[in-house]
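**Student:** Chains as they are written, first to last, in this note's numbering: chain S, 1 to 210; chain H, 1 to 210.
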DNA sequence: AATAATATGTGACTTATGCAACAGAAAAAA
DNA sequence: TTTTTTCTGTTGCATAAGTCACATATTATT
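1. Closer than 7 Å by beta-carbon distance: list the chain H residues that pair up with residue 64/S, in chain order.
2. Compare the C-beta of residue 38/S against all C-beta atoms of chain H and say whether one is closer than 8 Å.
3. With DSSP collapsed to three states, give me the class of residue 66/S.
4. Is the beta carbon of residue 126/S sitting closer than 8 Å to the one on residue 32/H?
5. Give the DSSP bridge partners of residue 211/H, in chain order.
6. Considering only residues of the region 146–204 of chain S, which uninterrupted alpha helix (DSSP H) runs meet the minimum length of 4 residues and lie entirely inside it, listed in chain order?
7. What is the DSSP secondary structure of residue 39/S, counted as helix, strand or coil?
8. According to DSSP, is residue 57/H helix, strand or coil?
9. Roughly how many whole angstroms lie between the Cα atoms of residue 156/S and residue 208/H?
10. Let's test the definition: count the other Cβ atoms within 10 Å of the Cβ of residue 59/S and tell me whether it reaches 16, buried, or not, exposed.
11. Considering Cα atoms alone, identify which of 82/S, 62/S, 63/S is closest to residue 158/H.
12. Against residue 78/S, what residues of chain H qualify as contacts under a CB-to-CB distance less than 9 Å, listed in chain order?
13. Below 8 Å on the Cβ atoms is my contact criterion, and I expect residue 72/S with residue 44/S to pass it. Report the Cβ-Cβ distance as a whole number of Å.
14. Can you pull the DSSP bridge partners for residue 28/S?
15. Helix, strand or coil: which one does DSSP assign to residue 207/S?
16. Say whether chain S places a C-beta atom closer than 8 Å to the C-beta of residue 164/H.
17. Please report the residue range of the alpha helix (DSSP H) in which residue 98/S lies.
18. Expressed to the nearest angstrom, what Euclidean distance is found between the alpha-carbon atoms of residue 116/H and residue 166/S?
19. Is there a Cβ from chain S that is less than 8 Å from the Cβ of residue 179/H?
20. Could you please give me the residues that DSSP links to residue 79/S through a beta bridge?
21. Enumerate in chain order the residues of its own chain whose CB-to-CB distance from residue 93/S is below 8 Å, with the five nearest sequence positions on each side excluded.
22. Apart from the five residues just before and just after residue 1/H, which ones in its own chain have a Cβ nearer than 7 Å to its Cβ?
23. Taking Cβ-Cβ distances shorter than 8 Å, what residues in chain H pair up with residue 126/S?
24. What residues in its chain sit with their C-beta under 8 Å from that of residue 41/H, if we drop five residues either side in the sequence?
25. Is the separation between the beta-carbon of residue 146/S and that of residue 188/S shorter than 8 Å?
26. Could you check the C-alpha separation between residue 162/S and residue 153/S for me, to the nearest Å?
27. What does residue 61/H reach in chain S if we use C-beta pairs closer than 9 Å?
28. Under 9 Å between beta-carbons, which chain H residues line up against residue 171/S? List them in chain order, please.
29. Taking just the CA atoms, how far does residue 190/H sit from residue 201/H?
30. Measuring CB to CB, does residue 51/S end up less than 8 Å from residue 88/S?
31. Should residue 36/S go down as buried or exposed, given a rule of 16 or more other Cβ atoms within 10 Å for buried?
32. Please report how far the alpha carbon of residue 171/S lies from the alpha carbon of residue 203/S, in whole angstroms.
In structure tokens form, the structure reads like this:
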């Protein structure tokens, strides 16, 4: 995912003098963080699964992003502009590395290698984030639930290098991720099966088209 | 829009030795650029209006982004991942500054001030882009056409600091931007008028709610 | 192991949205 | 100016998608 920069090596070899790095663990359904204005928090998901979730005034829940191991999140990647609540929820037990910035690009005054390396590689990391966001926009601009499902499956299939895969989230969550009604999505999945485009055993998907 | 960095001063005072900057003009409906893989092009719209447009296999057109004066675009902000065609179309006469990078973060070997300043401020510029993308995602995750319209109007209203404003694009384009059918959108606009939430005289919108 | 909680799967019904088609207004081109 | 093109506004109809409600399966919790 990350262009040239190996985030994994980086995370496991970091050293920090500035006391601004914290590692915390969370259990399922706990709120990992809420996004607020003017805070520059950067988080790395070391293990587990988590979602960036928004609740709107109508009670609709939207999964804005879905995070897996080594994914980065935090206000650094999401300047808060509207007043809808944004929070990151643990979908399973999670370990998270928290990092608070004063200034994004300036080097750390304490000579902290972690901070400096991160600042150096931030442009690449942000560009990767942009790619994800653009993909998400492409997904959301699909006009029908069917097209959203097919595109989503195609993305996962490409990522997993296989036409058969387990969904990385529950079907309930997938509906909130695609921004469609769950039961309507289930109906469409049934139609996709009937049309022999997709097979489905529980949460395992098998793409049948070439 | 741009955090600390004044893009306007920057553009009008640039100097460049590396011959990689070009200024071009376009007339309405001309294709300014197409997005392709592995090219690092950065463009600045000096005047006019333009759209980043995607055409899918079903013939649907989606306006991915709408650009006005001083907006930045190009592959730097959009790594091409899918094989859908992406192009920037002039909506009126446009002047565009083109810039080709070899490496995004490295300083210019020719000591080109333009290049260096841009590289220095790229993180901020990209973060601003992220904000736009996130706003766009929030717009697209609105479940109904009504909610999309209301949120879009609210965004423009905030930007223009007025409850009355001219739409920055045609209604036909707005439908492609919100990813909904044009006639269905027109119908919803009529319903918004009937419900006294919005008034509309041609392409001028007046928000009536507090 | 028993209970509770959450997720999946489905159907009947309503509503929102897309589609096609057209007329008039506005804008662009000749 | 006149002509052509594009945009706006509207309708009838078909269909996709949301709502509600419930049964069953699966997964946590006690």
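Quick reminder that beta carbons are idealized off the backbone N, C-alpha and C, glycines included.
Please read these numbers as outputs of a predicted model, since none were measured by experiment.
**Tutor:** Working from what's here:
1. Counting from 1 along the first chain, the entry for residue 64/S is found at position 64. Correct list: 137.
2. Here residue 38/S corresponds to residue number 38 of the first chain, with the count starting at 1. So, not an interface residue.
3. Stepping through the first chain from its first residue, residue 66/S is reached at position 66. Of the three classes helix, strand and coil, the one that applies to residue 66/S here is strand, per DSSP.
4. For the purposes of this step, residue 126/S is taken as the residue at position 126 of the first chain. For the purposes of this step, residue 32/H is taken as the residue at position 32 of the second chain. No. Outside cutoff.
5. Shown here, chain H extends from 1 to 210; a query on residue 211/H therefore has no answer.
6. Whole alpha helix (DSSP H) segments, 4+ residues: 171–178, 182–194.
7. In the first chain, counting from the first residue as 1, residue 39/S sits at position 39. Residue 39/S: coil per DSSP, three-state reduction.
8. As a working mapping, residue 57/H is identified with position 57 in the second chain. Correct three-state label for residue 57/H: coil.
9. In the first chain, counting from the first residue as 1, residue 156/S sits at position 156. In the second chain, counting from the first residue as 1, residue 208/H sits at position 208. Between residue 156/S and residue 208/H, the alpha-carbon positions lie close to 44 Å from each other.
10. Taking the first chain and counting its residues from 1, one reaches residue 59/S at position 59. Taking every protein chain shown into account, the CB of residue 59/S has fewer than 16 other CB atoms within 10 angstroms, so this residue is exposed.
11. Taking the first residue of the second chain as position 1, residue 158/H is located at position 158. Shortest Cα-Cα distance from residue 158/H to any of 82/S, 62/S, 63/S involves 82/S.
12. Working through the first chain from its first residue, we reach residue 78/S at position 78. Result: 130, 131, 134.
13. Taking the first residue of the first chain as position 1, residue 72/S is located at position 72. Taking the first residue of the first chain as position 1, residue 44/S is located at position 44. 6 Å between Cβ atoms; contact.
14. Along the first chain, read from residue 1 onward, the residue named residue 28/S stands at position 28. Looking at the DSSP assignment, residue 28/S forms no beta bridge with any residue, so it has no partner.
15. Taking the first chain and counting its residues from 1, one reaches residue 207/S at position 207. In the structure shown, residue 207/S sits in a strand (DSSP, three-state: E or B).
16. On the second chain, residue 164/H is found 164 positions in, with the first residue counted as 1. Taking Cβ atoms only, chain S never reaches closer than 8 Å to residue 164/H, which makes this a no.
17. Stepping through the first chain from its first residue, residue 98/S is reached at position 98. Not the alpha helix (DSSP H): residue 98/S falls in the beta strand (DSSP E), residues 94–100.
18. Here the question's residue 116/H lines up with position 116 in the second chain. Here the question's residue 166/S lines up with position 166 in the first chain. Going from the Cα of residue 116/H to the Cα of residue 166/S covers about 46 Å.
19. The count along the second chain starts at 1 and reaches residue 179/H at position 179. Output row for residue 179/H: interface = yes.
20. For the purposes of this step, residue 79/S is identified with residue 79 of the first chain, where counting begins at 1. According to DSSP, residue pairing for residue 79/S in a beta bridge does not occur.
21. The count along the first chain starts at 1 and reaches residue 93/S at position 93. Cβ within range, chain order: 25, 26, 27, 28, 47, 48.
22. Locating residue 1/H in the second chain gives position 1, counting from the first residue. Any reading at residue 1/H is ruled out, since the residue's pLDDT is 45, under 50, leaving its predicted position unreliable.
23. Here the question's residue 126/S lines up with position 126 in the first chain. Those within 8 Å of residue 126/S in chain H are 123, 126, 127, 130.
24. As a position in the second chain, residue 41/H is number 41, starting the count at 1. Taken in chain order, the residues that qualify are 33, 74, 75, 76, 98, 99, 100, 101.
25. If you number the first chain from 1, residue 146/S lands on position 146. If you number the first chain from 1, residue 188/S lands on position 188. Yes, they are a contact pair.
26. Stepping through the first chain from its first residue, residue 162/S is reached at position 162. Stepping through the first chain from its first residue, residue 153/S is reached at position 153. Going by the C-alpha atoms only, they are around 10 Å apart.
27. Here residue 61/H is taken as the residue at index 61 of the second chain, counted from 1. The contacting residues do not exist; residue 61/H stays about 10 Å from chain S at best.
28. Taking the first chain and counting its residues from 1, the one referred to as residue 171/S is at position 171. The contacting residues do not exist; residue 171/S stays about 18 Å from chain H at best.
29. Counting from one through the second chain, the residue named residue 201/H turns up at place 201. Counting from one through the second chain, the residue named residue 190/H turns up at place 190. Taking the straight line from one Cα to the other gives about 11 Å.
30. Along the first chain, read from residue 1 onward, the residue named residue 51/S stands at position 51. Along the first chain, read from residue 1 onward, the residue named residue 88/S stands at position 88. Yes, the Cβ-Cβ distance between residue 51/S and residue 88/S is below 8 Å.
31. In the first chain, counting from the first residue as 1, residue 36/S sits at position 36. An exposed status is given to residue 36/S, since fewer than 16 other beta-carbon atoms sit within 10 Å of its beta-carbon.
32. Numbered from 1 along the first chain, position 171 holds the residue referred to as residue 171/S. Numbered from 1 along the first chain, position 203 holds the residue referred to as residue 203/S. Using only the alpha carbons, I get a separation of about 7 Å.
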